[in-house]
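**Student:** Dropping the structure in here first, questions after.
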Amino acid sequence: YDLYIANTTKGTSFDKTVTTNSATLKGLTPANEYTVKVRAYAGGWKSYSSTLTRHTLAPKVTGFKQTKRSGTKLSFKWDKIDGADGYNLYSYNSSTKKYTKLTSFTGSSGTASLKGGTTYKLCLAAYTVDSETKLGAKSAQISTYTNPAKVNLKSVTSPSSTKIKVNWLKPAGGVSGYQIVWARDKS
Numbered sequence: 051y052d053l054y055i056a057n058t059t060k061g062t063s064f065d066k067t068v069t070t071n072s073a074t075l076k077g078l079t080p081a082n083e084y085t086v087k088v089r090a091y092a093g094g095w096k097s098y099s100s101t102l103t104r105h106t107l108a109p110k111v112t113g114f115k116q117t118k119r120s121g122t123k124l125s126f127k128w129d130k131i132d133g134a135d136g137y138n139l140y141s142y143n144s145s146t147k148k149y150t151k152l153t154s155f156t157g158s159s160g161t162a163s164l165k166g167g168t169t170y171k172l173c174l175a176a177y178t179v180d181s182e183t184k185l186g187a188k189s190a191q192i193s194t195y196t197n198p199a200k201v202n203l204k205s206v207t208s209p210s211s212t213k214i215k216v217n218w219l220k221p222a223g224g225v226s227g228y229q230i231v232w233a234r235d236k237s
């Protein structure tokens with residue numbers, strides 16, 4: 051059998067001859083798209099089969115880091131992987147030991163809107179798409195958090211001449227405490 055393998059990402063190709071009806075192709079470039087077709091030899095080469103197109107898995111994302119925190123939005127950057135169709139951002143839950151997909155990005159940076167006042171363990175994985183989506187290895191995790199939402203005052207009362215009582219609505223997300231600032235005059 052003659053296998054014709056073309057790397058459509060790079061525009062290169064090669065042939066491989068085998069004597070069995072299967073072959074494992076090694077040394078291919080990660081996250082690249084390949085087309086494969088095969089033909090048999092029986093007194094001469096026969097016509098090629100139809101062509102199948104598949105991507106190799108994307109490698110592990112490197113350089114993943116947070117670049118900005120603004121309220122409930124976190125911005126990130128990473129080293130772009132040639133041939134990757136996109137990147138999925140995952141949150142890791144230490145209790146369940148499971149990953150949850152939060153959002154997807156293209157390019158080498160992105161911003162995610164997340165739940166306020168929450169601590170996250172995040173990682174990124176590149177993916178390729180052909181007849182199916184193939185996910186590459188996840189990056190190293192980073193630990194980060196989002197700021198809690200702004201506190202909304204509910205009421206301020208003066209139950210006596212020496213006290214002021216302040217009530218507010220708990221903001222969405224996790225909050226572990228509050229800071230109360232007061233002044234004796236408006237300046």
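For what it's worth, my numbering labels the leading residue of the sequence shown as 51, then goes sequentially. We treat Cβ as the ideally placed atom computed from N, Cα and C, and that holds for glycine.
#1: If you draw a straight line from the alpha carbon of Thr122 to that of Gly166, how long is it in whole angstroms?
#2: Counting Cβ pairs, one atom from each stretch, are 3 or more of them under 8 Å apart for the segment 219-229 and the segment 198-211?
#3: With DSSP run on the structure shown, which of helix, strand or coil describes Phe114?
#4: Going by other Cβ atoms of all chains shown within 10 Å of its Cβ, with 16 needed for buried, is Trp95 buried or exposed?
#5: Short of 6 Å in beta carbon distance, which residues of its chain neighbour Leu78, apart from the five on each side in sequence? Order them along the chain.
#6: Please report the Cβ distance between Lys127 and Lys115, rounded to the nearest whole angstrom; I am assuming they are in contact, meaning their Cβ atoms lie under 8 Å.
#7: In three-state DSSP terms, what is Leu75?
#8: Between the Cα of Thr156 and those of Thr168, Thr150, Tyr177, spot the shortest distance and give me the residue it belongs to.
#9: In or out: Val68 buried (at least 16 other Cβ within 10 Å) or exposed?
**Tutor:** Taking the geometry as given:
#1: 5 Å
#2: yes
#3: coil
#4: exposed
#5: Thr106
#6: 6 Å
#7: coil
#8: Tyr177
#9: exposed
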